[in-house]
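Step one of this worksheet: look at the structure below.
Residue numbers (the numbering used here): 330 to 484.
Right, here's the structure in full:
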């Protein structure tokens, strides 16, 4: 059975504290990669699919543009309600990369792309180039406060 709840937006609408693109540092000598590039399929359209989870991620943050090899531009800074609305609007306008079912990821899904070998940002630069070392919204709300969301920092 194929996982159909797949299209997520890495950083895509979710940058809460977007900063300029950072030059991350990855230390491969101290620990194994948590998101090795070979665990992802490059879909050739600015997205990658995680072979383990079946989730598809945009490679660039919302506000950035995929050039075929890198992301350019600056990630947008959005409040959580605006990030949710942007995902709905993207889908209503026809979507991205041939899909119109994008959504903000849940916190465990977002944590699944954290690269523990890297810092500033803690993400695989081959998969997600020019990602800011910033906090990104999740679709997971705070316990007891459905109007407040949790964020994950890649910084």
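Ideal Cβ placement from N, Cα and C applies to all residues, glycine included. Bear in mind that the values here come from a model prediction, so they are computed numbers and not experimental data.
Beta strand (DSSP E) segment containing residue i, residue limits
i: residue 476; result: 474-482
i: residue 431; result: Premise fails: residue 431 is in no beta strand (DSSP E) and is neither H nor E.
i: residue 443; result: It is not in any beta strand (DSSP E) - residue 443 carries neither H nor E in the DSSP assignment.
i: residue 401; result: 400-402
Secondary structure of residue i, DSSP reduced to three states
i: residue 357; result: coil
i: residue 411; result: helix
i: residue 464; result: strand
i: residue 364; result: coil
i: residue 350; result: Only weak support is given to the placement of residue 350: the predicted model assigns it a pLDDT of 45, under 50, and the value that follows is read from those uncertain coordinates. Residue state, collapsed to three classes: coil.
Inter-residue spacing [alpha-carbon to alpha-carbon] between residue i and residue j
i: residue 350; j: residue 403; result: Confidence at residue 350 is low in this model, with a pLDDT of 45, below 50, so the placement of that residue is unreliable and no value is reported for it.
i: residue 468; j: residue 381; result: 20 Å
i: residue 353; j: residue 454; result: 7 Å
i: residue 393; j: residue 405; result: 8 Å
i: residue 355; j: residue 362; result: 9 Å
Span of the alpha helix (DSSP H), counted from its first residue to its last, around residue i
i: residue 440; result: 436-440
Beta carbon of residue i nearer than 7 Å to that of residue j
i: residue 446; j: residue 366; result: no
i: residue 431; j: residue 416; result: yes
i: residue 449; j: residue 462; result: yes
i: residue 409; j: residue 474; result: no
i: residue 374; j: residue 426; result: yes
i: residue 378; j: residue 370; result: yes
i: residue 420; j: residue 429; result: yes
*Is the number of C-beta pairs between the region 382-402 and the region 456-468 that are closer than 8 Å three or more?*
yes
**Q.** Segment contact flag, the region 373-387 with the region 436-444, C-beta cutoff 8 Å, min 3 pairs
**A.** yes
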